[in-house]
Amino acid sequence: MNEMKSAQPAAKAVQAFASASSPVDFALKETSPFLGGGRVVDGRIKRGNRPASTYDLVEQMQYLFVRVVKARDLPTKDVTGSLDPYVEVKVGNYKGTTKHFEKNKNPEWNEVFAFAGDNVQSSFLEVVIKDKDVVLDDLVGTIRIDLHDVPKRAPPDSPLAPQWYWIENKNRERKNGELMLAVWYGTQADEAFADAWHSDAISPGGSSSAAYSQIRSKVYHSPRLWYVRVRVIEAQDLIVPEKARFPDAYVKARLGNQILKTKSVQARTLNPRWEQELMFVAAEPFDEPLIISVEDRVGPNKDETIGNLVIPLNTVVRRADDRFVPSKWYHLEKSVSSAVESAEHGKKKEKDKFFSRLHLNVYLEGGYHVLDESTYYSSDLRPTAKQLWKKSIGILELGILNIDGLQPTKTREGKGTCDTYCVAKYGQKWVRTRTIIDSLNPRYNEQYTWEVHDTATVLTIGVFDNAQIHSSNGGNKDARIGKVRIRISTLETGRVYTHSYPLLMLQPSGVRKTGDLHLAIRFSCTSMMNMMHLYFKPHLPKMHYVKPLNIMEQEKLRHQAVNIVAARLSRAEPPLRKEVVEYMSDTDSHKWSMRRSKANFCRLMQVFHGLLSVGRWIGEVSRWKNPLTTVLVHILFLMLVCFPELILPTIFLYMFVIGMWKWRFRPRKPPHMDVRISQADVVMPDELDEEFDTFPTTKSPDVVRHRYDRLRSVAGRIQSVVGDIATQGERIHALLSWRDPRATAIFMVICLVAALVLYVTPFQIIVLFAGFYLMRHPKLRHKMPSQPANFFRRLPALTDTMM
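Just so we're on the same page, the numbering used here is the position in the sequence shown counted from 1, plus 6.
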């Protein structure tokens with residue numbers, strides 16, 4: 007990576023970078039960890055005689071759980087006789103702190119602390135009750151518990167009942183007041199694990215404070231998204247201040263931050279008609295109404311409002327198919343406040359003589375799947391309406407184990423460190439692990455489960471650095487560390503996949519490996535017949551085919567959907583920040599990238615590689631490069647022509663044999679991000695700088711001019727290829743279009759003669775003659791192009807009519 011930062015020519019920098027990071031560094035590696043009490047071997051957990059565990063896709067980790075329930079009859083410490091108590095739980099160098107209560111001798115905390123077994127370096131547990139003060143907190147009392155006497159509990163055992171403990175002073179003398187505690191040893195399968203404060207989420211010597219809300223694990227659910235279709239039909243009796251003028255009216259609709267407008271009506275009238283559809287994205291619960299206003303364009307950049315209308319979405323009709331929804335006439339109000347009041351009361355005030363009306367058709371579309379992800383990486387394809395949902399076909403289980411070899415993202419106390427957490431998204435369920443503070447090799451060992459409704463979906467796991475731990479205003483963005491995508495259809499049912507996934511980040515200096523994420527994944531099928539039946543059903547819900555959305559409109563709606571989901575999840579506690587949601591949803595996939603364009607071109611060439619190979623093989627056969635192969639092909643060709651009923655069986659049998667032959671070489675690992683396919687290992691530094699440039703650009707005019715010229719060069723080559731393909735197609739059309747009357751006449755004569763010859767000649771003879779002619783010996787060939795090729799190339803195209 008250092009070579010990339012030095013001032014060397016671009017070619018040398020790319021060569022140095024490619025040699026420094028071999029493909030092995032980015033390879034997916036299979037692991038065999040101990041999960042659920044047994045080692046994973048060949049996709050199975052070998053437990054021996056050990057019983058199965060609920061959390062069998064993660065390593066069993068021992069935790070010391072301390073539940074601080076409440077206190078009673080605590081002594082006072084201040085002169086005023088008041089007490090502001092809180093509790094500190096200490097184990098060695100780790101301590102956790104509860105919230106404090108003001109002027110309360112009988113507080114109730116009901117907080118749980120979990121100390122990882124690796125962090126328990128002491129033989130006793132100390133629980134300290136303190137009085138919150140301005141300068142120095144006063145000691146109220148302590149409780150010491152010998153850890154050798156703490157019981158062990160394993161689910162599904164009943165929860166351990168808390169008990170009262172007398173508090174003591176520094177001299178171990180009993181004082182007034184009692185504290186109710188429950189202390190036990192357990193694992194992450196314990197029900198208290200999710201809500202507990204974790205010692206491995208705070209650096210040694212730290213304590214649980216306001217930062218705890220930023221580091222705990224959490225399960226989120228995306229809001230249910232709806233498409234809102236607004237069909238603006240017409241208006242009636244529009245009233246404008248200047249009665250001698252007809253309004254230049256248009257309709258503006260607003261839903262939250264989404265604003266759409268209709269086109270202006272060309273015919274000036276008091277009863278304009280638009281017949282235009284507008285579409286929005288809304289999320290349940292519907293907090294914001296649909297606000298519609300009729301605007302009059304009175305001058306350049308000057309509009310006046312004719313009337314307003316407020317429609318609460320809770321009152322709008324919902325449909326799950328393409329059934330007809332009747333339209334309605336709505337009265338317009340002079341102001342938005344009066345429109346809101348009218349919408350709440352459901353009728354128009356009689357004293358208001360403003361009788362302009364608007365004809366609308368508004369309804370919620372439940373038959374679509376509202377896309378909030380890239381269509382190639384969708385994790386859910388179900389429609390919005392729940393009555394259209396089918397039963398799940400399986401269960402997806404994910405164990406997030408640990409990360410090895412993280413690259414530092416920040417500096418703390420003179421050394422590089424990370425505060426990382428993982429986010430996994432599948433369907434409407436998002437999960438976030440706890441944040442491991444100050445660790446370059448964090449261990450999570452958290453397990454999550456999803457229902458699977460379609461195997462053509464993708465599970466996405468992202469790793470981020472928490473920038474909110476020591477931030478007071480929360481303005482810092484959580485840094486991206488890497489992402490893993492796993493398509494469910496590539497997983498075998500019932501097998502446990504344990505792999506180390508390289509975390510890759512493309513940076514202005516090139517592709518960089520930031521660590522290795524260890525995952526355990528298992529897909530269990532509940533109905534094999536339903537799963538196989540899905541392969542013959544449409545990919546998207548029915549409405550996407552009955553009334554499809556155009557690509558531009560779908561991308562705009564997707565952008566709005568991502569913004570809505572990010573806004574909702576950012577209001578959770580702890581919040582799932584906007585930059586996290588956007589990274590997981592691939593909001594930047596539409597931006598221009600020279601690297602991505604080259605990668606897609608290479609993918610296209612790879613797709614046609616098989617056809618090109620077959621074409622080269624046929625050319626070698628016809629040129630007698632290997633006489634034995636050509637003779638065998640002649641015999642096979644003669645057999646298929648004489649017995650045409652064997653053609654299709656032979657083709658399908660050949661494909662079956664190829665598939666069985668490739669079964670031995672089937673992929674054993676889920677596919678992962680490939681730096682070679684992405685062209686990330688050979689990308690030029692200037693191309694990376696262009697890819698990471700902002701929009702609009704911030705570069706100097708000279709750099710922009712250079713990139714524009716390069717883009718013109720690439721686009722010119724693409725334009726030439728597209729033009730050549732179009733030319734060949736236009737020549738085919740020219741055969742019968744009489745654009746070249748002589749060529750069309752010749753072709754018609756050829757067609758007539760061919761029809762007569764084919765009528766009197768058996769079809770097998772024609773095919774044999776054509777095949778033997780194509781495979782004739784090189785001595786019978788001419789170096790000049792054939793006559794049909796010469797005739798086709800002389801046909802006219804529309805190229806000469808272009809400017």
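Using N, Cα and C, we set each Cβ at its ideal position, and we do this for glycine too.
Owing to the predicted nature of the structure, the values given are computational and were not obtained by experimental measurement.
Buried or exposed (CB count within 10 angstroms, at least 16 for buried), Lys597
exposed
Measure the alpha-carbon distance for Gly411 versus Asn447 and round it to whole angstroms.
6 Å
DSSP three-state assignment for Asn408, whether helix, strand or coil
strand
Can you tell me whether DSSP reads Ile6 as helix, strand or coil?
The question about residue 6 has no answer, for the chain in this structure spans 7 to 809.
Beta-carbon spacing of Ser576, Arg583 below 8 Å
yes
Figure out for me which residue from Leu618, Ile173, Asp309 and Lys334 has the closest Cα to the Cα of Thr321.
Lys334
Does the beta-carbon distance from Arg564 to Leu377 come in below 8 Å?
yes
Proximity winner among Val639, Gln566 and Tyr427, relative to Ile409 (alpha-carbon distances):
Tyr427
Decide if Asp386 is buried, meaning its Cβ has at least 16 other Cβ atoms within 10 Å, or exposed.
buried
Mind checking whether Leu509 and Ile487 have CB atoms under 8 Å apart?
yes
When burial is assigned at 16 or more other CB atoms within 10 Å of the CB, is Val613 buried or exposed?
exposed
Since Val95 and Val72 should fall inside the 8 Å C-beta cutoff, what is the C-beta to C-beta distance between them, to a whole number of angstroms?
5 Å
C-alpha gap between Gln474 and Glu585, whole angstroms
13 Å
Hey, could you find the ends of the alpha helix (DSSP H) Ser506 is sitting in?
Careful: Ser506 lies outside any alpha helix (DSSP H), inside the beta strand (DSSP E) at Val502 to Gln513.
When the Cα of Ile99 is compared with those of Lys435, Val727, Asp137 and Asp206, which residue comes out closest?
The amino acid at residue 99 is misidentified as Ile; the sequence shows Asn. If we check each option's Cα against that of Asn99, Asp206 comes out closest.
For Ala289, which residues in the same chain have their Cβ closer than 8 Å to its Cβ, ignoring the five residues on either side in sequence?
Pro229, Arg230, Leu231, Trp232, Ile570, Val571 and Arg574
Pull the bridge partners of Tyr541 from the DSSP assignment, please.
DSSP output for Tyr541 lists no bridge partner at all.
Count the CB pairs spanning the stretch 368-375 and the stretch 233-247 that are closer than 8 Å, and state whether there are at least three.
yes
Among the residues of its own chain, which have a CB less than 6 Å from the CB of Pro258, if the five just before and after it don't count?
Sequence check: residue 258 is Lys here, not Pro. Result list for Lys258: Lys267, Ser299 and Glu301, in chain order.
Cβ neighbours of Gly49 in the same chain (closer than 6 Å, five flanking residues each side left out):
Arg501 and Val502
Let's test the definition: count the other Cβ atoms within 10 Å of the Cβ of Met661 and tell me whether it reaches 16, buried, or not, exposed.
exposed
Can you grab the Cα-Cα spacing for the pair Asp201 / Val225, in whole Å?
11 Å
By Cβ distance below 7 Å, which residues in the same chain neighbour Lys431 in space, the five residues on each side in sequence not counted?
Ser385, Thr466 and Met590
When burial is assigned at 16 or more other CB atoms within 10 Å of the CB, is Gln264 buried or exposed?
buried
Assuming contact is defined by CB atoms lying nearer than 8 Å, are Pro81 and Val146 in contact in what I supplied?
yes
Do you know how far the Cα of Gly123 is from the Cα of Ser215?
Residue placement at Ser215 is flagged as unreliable, the pLDDT there being 45, under the threshold of 50; a coordinate-derived value is accordingly withheld.
The stretch 268-286 in contact with the stretch 323-338 per 3-pair CB rule at 8 Å:
no
For the beta strand (DSSP E) holding Val236, just list the boundary residues, first then last.
Leu231 to Gln242
Have a look at Ala795 and Val647 and give me their C-alpha separation to the nearest angstrom.
26 Å
For Ala255, is the classification buried or exposed, using 16 other Cβ atoms within 10 angstroms of its Cβ as the cut-off for buried?
buried
Go ahead and pull the three-state DSSP assignment for Ser214.
Per-residue confidence for Ser214 stands at a pLDDT of 45, beneath the threshold of 50, marking its modelled position as unreliable; the derived number appears in the next sentence. Ser214: coil per DSSP, three-state reduction.
Does the structure place the stretch 678-694 close enough to the stretch 599-615 that three or more beta carbon pairs sit under 8 Å?
yes
Apart from the five residues just before and just after Glu1, which ones in its own chain have a Cβ nearer than 6 Å to its Cβ?
The requested residue 1 does not occur in the structure, where the chain is confined to residues 7 to 809.
Could you check the C-alpha separation between Trp395 and Trp456 for me, to the nearest Å?
16 Å
Every unbroken beta strand (DSSP E) within the stretch 608-667, with a cutoff of 3 residues, ordered by chain
none
Look up Ser530 in the DSSP assignment and say whether it is helix, strand or coil.
strand
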